[in-house]
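Report on the following structure.
Residue numbers (the numbering used here): 3 to 313.
Right under this line is the structure:
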């Protein structure tokens, strides 16, 4: 006769092969993650507002002189000389616009990205990043365009202060003067924002998969600089057209985007569309390295603070 089967008490735990336990544990972790972390638009929006605002202000203040030189190069017609005085002209007024604009951009970008990533296949993550970047850029343009118009006119010596600039622009050109070159701005910034953030996010995904760990600050800075420099170079012609339309004022030298392109090429040649590419690539490359490091760090701090307050 065989040995009798041992009785199984209510407290005894059945044993399973290690691979079964591992798969079960992974399933439970995924299930727990989805249950414990439901998508909250307002929470993600708030984190993005804070992180984006801080990152945008730091980058703008640190690299403003390079941006001024770039703008003067692009605004100069033919062989016009570039003045190197007053490289911080318009900084204070510009920061007043950069803070809300950067905050709105990241505040819209982050929840849009996360929502898309939850609803589309994983292999289409690039589409989520591209779309979120464009949506964030469109939302922030309502603040960024007037800020850019005032900044660039001060950088080219047309006004002495941001207050004077706003008052005189509205007096001479009407409220729409603050949105001069709006179409060209969107033509430049929507593809710029979409490409820069998509390249950055995709490189981070690939790097993390290869390294099997989270990225550190120098690695985020390197990826941010690369994505910024590449995108800045590609979109330089769009930036030149945007600058020409924004600084022309009431003179209306150009009738629109296409007329501006034709006129610049006819009078100055095709290379004129790449004016300021050096300072632009340098500015956006360095800016990208600083921006994304501060952005990731600030997001972590805000998320940790929110978690502690919930407890």
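Beta carbons: idealized from backbone N, C-alpha and C, even for Gly.
Note to self: residue 222 and residue 295 - do their beta-carbons sit closer together than 8 Å?
What the structure shows: Indexing the chain shown from 1 puts residue 295 at position 293. Indexing the chain shown from 1 puts residue 222 at position 220. Contact: yes.
Note to self: If you follow the alpha helix (DSSP H) that residue 167 is in, where does it begin and where does it stop?
What the structure shows: On the chain shown, residue 167 is found 165 positions in, with the first residue counted as 1. Under the DSSP assignment, residue 167 falls in the alpha helix (DSSP H) whose first and last residues are 164-175.
Notebook entry, point to check: What do you get for residue 72, buried or exposed, if any count of 16 or more other CB atoms within 10 angstroms of its CB means buried?
Noted result: The count along the chain shown starts at 1 and reaches residue 72 at position 70. Classification of residue 72: buried, given that the 10 Å Cβ count is 16 or more.
Notebook entry, point to check: If you count every other CB in all the chains shown that lies within 10 Å of the CB of residue 194, and 16 or more means buried, which is it?
Noted result: Your numbering for residue 194 matches position 192 in the chain shown. When all chains shown are included, residue 194 counts as buried.
Checklist line | C-alpha gap between residue 246 and residue 108, whole angstroms | finding: If you number the chain shown from 1, residue 246 lands on position 244. If you number the chain shown from 1, residue 108 lands on position 106. Their Cα atoms are separated by approximately 27 Å.
Next item on the list: Starting from the Cα of residue 172, find the closest Cα among 238, 146, 192 and 251 and give me that residue.
Entry: Within the chain shown, residue 172 is the residue found at index 170, counting from 1. Among 238, 146, 192 and 251, the Cα nearest to that of residue 172 belongs to 251.
Checklist line | Euclidean distance between Cα positions of residue 185 and residue 259 | finding: Along the chain shown, read from residue 1 onward, the residue named residue 185 stands at position 183. Along the chain shown, read from residue 1 onward, the residue named residue 259 stands at position 257. Here the alpha carbon of residue 185 sits roughly 8 Å from the alpha carbon of residue 259.
Notebook entry, point to check: Can you tell me the Cα-Cα spacing of residue 256 and residue 175, whole angstroms?
Noted result: To locate residue 256, count along the chain shown from 1; it is residue 254. To locate residue 175, count along the chain shown from 1; it is residue 173. Computed Cα separation, rounded: 15 Å.
Checklist line | Boundaries of the alpha helix (DSSP H) in which residue 236 is found, first to last residue | finding: As a working note, residue 236 is residue 234 in the chain shown. Counted as a single uninterrupted DSSP element, the alpha helix (DSSP H) harbouring residue 236 occupies residues 219-236.
Next item on the list: Could you check what DSSP says for residue 273 in three-state terms: helix, strand or coil?
Entry: Numbered from 1 along the chain shown, position 271 holds the residue referred to as residue 273. It is helical.
Item checked: Secondary structure of residue 178, DSSP reduced to three states -> As a working mapping, residue 178 is identified with position 176 in the chain shown. Three-state DSSP puts residue 178 in a helix.
Notebook entry, point to check: Exposed or buried, residue 122, counting other C-beta atoms within 10 Å across all chains shown (16 or more means buried)?
Noted result: Sequence index remark: in the chain shown, residue 122 carries index 120 (1-based). Per the 10 Å Cβ criterion, exposed.
Check: What does a CB cutoff of less than 6 Å around residue 297 pick up in its chain, not counting 5 residues either side in sequence?
Finding: Here residue 297 refers to the residue found at position 295 when the chain shown is read from its first residue. 53 and 57, listed in sequence order.
Checklist line | Candidates 179, 206 and 142, of which the one nearest residue 227 by Cα | finding: If you number the chain shown from 1, residue 227 lands on position 225. The residue with the shortest Cα to Cα distance from residue 227 is 206.
Note to self: Could you tell me the alpha carbon to alpha carbon distance between residue 159 and residue 125, rounded to whole angstroms?
What the structure shows: Stepping through the chain shown from its first residue, residue 159 is reached at position 157. Stepping through the chain shown from its first residue, residue 125 is reached at position 123. C-alpha of residue 159 to C-alpha of residue 125: approximately 49 Å in a straight line.
Margin query: Among the candidates 234, 130 and 106, whose CA atom is the shortest distance from the CA of residue 114?
Written below: As a working mapping, residue 114 is identified with position 112 in the chain shown. Taking the Cα of residue 114 as reference, the smallest distance to any Cα among 234, 130 and 106 is reached at 130.
Checklist line | residue 294 (DSSP reduced to helix, strand or coil) | finding: Taking the first residue of the chain shown as position 1, residue 294 is located at position 292. Helix at residue 294.
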